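When you line the sequence shown up against the working numbering, it's residues 25 to 147, in that order. Positions of the beta carbon are idealized from the N, C-alpha and C atoms, including for glycine. Please read these numbers as outputs of a predicted model, since none were measured by experiment.
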Amino acid sequence: MTEQATFKLREVEGIPVVDVHGEIDISNIEQFKESLRTASSGEAPALIVKLEHVTYLDSHAIAALVVHGKRLHTIRRRPYVVAGPKSAAGKILGISNVNLAIPLCESIEDAVSRERGATGGAR
């Protein structure tokens, strides 16, 4: 039996975070997309998508992540994905070269630090 993903929205230092646990595939891709849209609906200059506890993501999930990241770039916002290289999601995203479109971070703290560097430390 597979563990379908859960999507939780929260904020860390004023940056919206989509915290995902479980598997993202065709059966819940619309929930994933809606979570990304909802988290990006405010005025925050960045979005963090935490995939550390994702056990599987299919090509639909990868495409949704990249498309949403590109959409954020067009409105001068910065996406970050938290998925260490040893995590299941990190391995899949690394093989897929997602890091060419969206920075892959080791932790929430790493993503926040990169964002602070991008904005000159401003909140």
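Run the CB neighbour count on Ile99, radius 10 Å, all protein chains shown included, and call it buried at 16 or more, exposed below.
Exposed is the call here.
Work out the CA separation of Ser137 and Gln28 for me, nearest whole Å.
Approximately 31 Å, taken between the alpha carbons.
When DSSP labels each residue in this structure, what does Lys74 get in the three-state scheme?
Here Lys74 sits in strand by DSSP.
Quick one: using the 10 Å Cβ neighbour count with 16 as the cut-off for buried, is Pro5 buried or exposed?
Since the first and last residues shown for the chain are 25 and 147, residue 5 lies out of range.
Excluding the 5 residues flanking Ala125 on each side, which residues of the same chain have their C-beta closer than 7 Å to its C-beta?
So the list reads Val90, Gly93, Lys94, once near-sequence residues are dropped.
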